[in-house]
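Asker: I have a structure I would like to understand better, so I am pasting it below and will then ask my questions one at a time.
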Amino acid sequence: MRIVLVGPPGAGKGTQANLLAKTLSIPHISTGDLFRANISQGTPLGVEAKSYMDQGQLVPDEVTIGMAKDRLLQSDTAGGFLLDGFPRNLAQAKALDEFLTEQGIAVDGVLDLEVPEDEVVKRIAGRRICRNNGAHVFHVVYNPPAVEGVCDECGGELYQRSDDTEESVRTRLEVYHTETEPIIDYYVQQQLVTTIPALGKVDEVTQRAVDALKK
Ligand code: ADP
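If you want it as structure tokens, here you go:
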């Protein structure tokens, strides 16, 4: 299955993508995680991406689309993939479609995680991420690790993302409304979208997502 996950920052895309990818045995591809890996390795791509990310702006399309395509060309995507955070605007959605069409494949489904805006802000403020693996995501209140500051899954150190500040979150929400929401309509026209409420326990949301994808 080739799936695209959309939803505002803090909707739980990363958490759900991590669980869904395991359930469906397909790779979880997060452009945010790819950028953060580049930042921690100090690559030129990481240096360029960081300033945009910290301000809550999108990294320019030339950089993002190239990076996403490189990742999608790796052999582990042959049986499908779960895209998290890409595409994030119409230009990226069209570039993805073209790229997949060239290979005779297409997106099979789009999962839209719906969550109220005040909830998003609470989730992001308490979010903690593992240094070893950005897909290991916790929340100090809603999903705390067994030991404070330590990842349950791999023992890595938990930290707060530098773009999880109130100002950056406000910008990210604005960018989501103006740039990313239009891709939902784009995919609705292709009859690919299922919207699921992303409120409730983490595994309840995962179950809703799995049920939605079975249809
Ligand atoms: P969230 O969805 O919680 O805001 P992500 O980890 O998906 O977090 O993304 C963090 C930041 O990385 C974004 O605010 C943006 O700066 C950058 N980014 C991630 N994916 C893309 C993309 N497809 N296009 C442009 N920028 C991106």
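Numbered by my numbering, the letters in the sequence shown go through residues 4 to 218 in order.
Ideal placement from N, C-alpha and C gives every residue a C-beta, glycine not left out.
Between the alpha carbons of G13 and I127, how many angstroms are there, rounded?
Answerer: Taking the straight line from one Cα to the other gives about 5 Å.
Asker: Any chance the CB of Y55 is under 6 Å from a heavy atom of ligand 1?
Answerer: Indeed, a heavy atom of ligand 1 lies less than 6 Å from the Cβ.
Asker: Kindly confirm or deny that the stretch 145-163 and the stretch 67-77 touch, where touching means at least three C-beta pairs closer than 8 Å.
Answerer: In short, these stretches do not touch, since the Cβ pair count stays below three.
Asker: Is N135 helix, strand or coil when you go by DSSP?
Answerer: Here N135 sits in coil by DSSP.
Asker: For the stretch 4-11 against the stretch 82-100, do three or more pairs of beta-carbon atoms, one drawn from each stretch, fall closer than 8 Å, so that the two count as touching?
Answerer: Yes: the two stretches touch, three or more of their Cβ pairs being nearer than 8 Å.
Asker: So the candidates are Q58, P185, A24, G49; which of them puts its Cα closest to the Cα of G82?
Answerer: That would be A24, whose Cα lies nearest to the Cα of G82.
Asker: Below 7 Å between beta carbons: does that hold for Y190 and V123?
Answerer: No, they are not a contact pair.
Asker: May I ask you to report which of helix, strand or coil DSSP gives V110?
Answerer: DSSP places V110 in coil when its eight states are reduced to three.
Asker: State the DSSP-derived secondary structure class of V150, mapped to helix, strand or coil.
Answerer: Of the three classes helix, strand and coil, the one that applies to V150 here is coil, per DSSP.
Asker: Would you call H180 buried or exposed, if buried means 16 or more other Cβ atoms sit within 10 Å of its Cβ?
Answerer: With fewer than 16 Cβ atoms within 10 Å of its Cβ, H180 is classed as exposed.
Asker: Could you say which of R130, V196, E117 lies nearest to G203 if we only look at CA atoms?
Answerer: Minimum Cα distance to G203 is reached at E117.
Asker: Quick check on DSSP: helix, strand or coil for E117?
Answerer: In the structure shown, E117 sits in a strand (DSSP, three-state: E or B).
Asker: What three-state label does DSSP hand D87 in the structure shown?
Answerer: Three-state result, D87: strand.
Asker: Does the structure place the stretch 33-50 close enough to the stretch 129-144 that three or more beta carbon pairs sit under 8 Å?
Answerer: Yes, the stretch 129-144 touches the stretch 33-50.
Asker: Cβ of L75 versus every heavy atom of ligand 1: is any distance shorter than 6 Å?
Answerer: L75: no, Cβ never under 6 Å from ligand 1.
Asker: On the criterion of 16 or more Cβ atoms from any shown chain inside 10 Å, does C157 qualify as buried, or is it exposed?
Answerer: Flag for C157 reads exposed.
Asker: With hydrogens ignored, establish whether the beta-carbon of T198 is closer than 6 Å to any heavy atom of ligand 1.
Answerer: Not under cutoff, so the answer is no.
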